[in-house]
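Numbering (my numbering), first residue to last: -6 to 176.
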């Protein structure tokens, strides 16, 4: 596949900005995260880099000529990679919860909706949208407008009091859901 300089550069810069966020969150203490340097890294690597990365990912997915099944199963694989990554990143904490009696909910760490979960779900959704016949692009535009217009309503309706580990993938204001489909 021929490389495209601008999208490749944007994707590379986004990854370059996202990696320090995870380093900061994992290894730096609270005062370090709250310093001006920490705040700048968190801002650049979150609200700036993540949307850029996802837009470029969507662009490349729209341009690829792979089959529906290939793209769909790629989304499932990325979603499962998110699950494995969360278990791996939180393995020590999960052991402390299980064997040291730490009073934390392990499911919030296993199902913490991060970029892998969001990317997997987005690829699955975009794979379905790519099956639309030519001339039906208005359906995708209608869905964009519906998501934009309905996000607030969806997020309000998904705030159910009981613990739920499906809704946070869609939307709501769950503390462990960083990148739901309805932001």
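Glycine included, each C-beta is placed from N, C-alpha and C at the ideal position.
Where the alpha helix (DSSP H) containing residue 91 begins and where it ends: Start and end: 84 to 92.
Residue 193 (DSSP reduced to helix, strand or coil): There is no way to answer for residue 193, as the model of the chain reaches only from -6 to 176.
Presumed contact (8 Å Cβ cut-off) between residue 137 and residue 175, rounded CB distance: Contact flag wrong, Cβ pair sits at about 12 Å.
Residues near residue 106 in its chain [Cβ-Cβ closer than 8 Å; skip 5 each side]: In its chain, beyond the 5 residues on either side, 161, 162, 167, 169, 170, 171, 172 and 173 have a beta carbon closer than 8 Å to the beta carbon of residue 106.
Option in 110, 64 and 10 with minimal Cα separation from residue 45: It is 10 whose Cα lies nearest to the Cα of residue 45.
Residue burial classification, residue 28 (beta-carbon count within 10 angstroms, cutoff 16): With fewer than 16 Cβ atoms within 10 Å of its Cβ, residue 28 is classed as exposed.
For residue 168, the residue or residues it bridges with in DSSP: According to DSSP, which records beta bridges pairwise, residue 168 is partnered with nothing at all.
CA-to-CA distance, residue 117 to residue 66, given in whole angstroms: Residue 66 and residue 117 have their C-alpha atoms roughly 8 Å apart.
Per-residue DSSP class, three states only, for residue 237: Absent from the structure is residue 237, since the part of the chain shown begins at -6 and ends at 176.
For residue 159, the nearest candidate out of 114, 22 and 16 (CA to CA): If we check each option's Cα against that of residue 159, 114 comes out closest.
DSSP-derived helix/strand/coil call for residue 175: Coil, per DSSP.
Start-to-end residues for the alpha helix (DSSP H) that takes in residue 56: In this chain, the alpha helix (DSSP H) harbouring residue 56 covers 42 to 56.
Among 53, 133 and 85, the one whose alpha carbon lies nearest that of residue 19: Of the candidates 53, 133 and 85, the one whose C-alpha sits nearest the C-alpha of residue 19 is 85.
Within 8 Å, strictly: CB atoms of residue 35 and residue 14: Result yes, Cβ atoms of residue 35 and residue 14 sit closer than 8 Å.
Alpha helix (DSSP H) segment containing residue 21, residue limits: Going by DSSP, residue 21 is part of no alpha helix (DSSP H) at all; its letter is neither H nor E.
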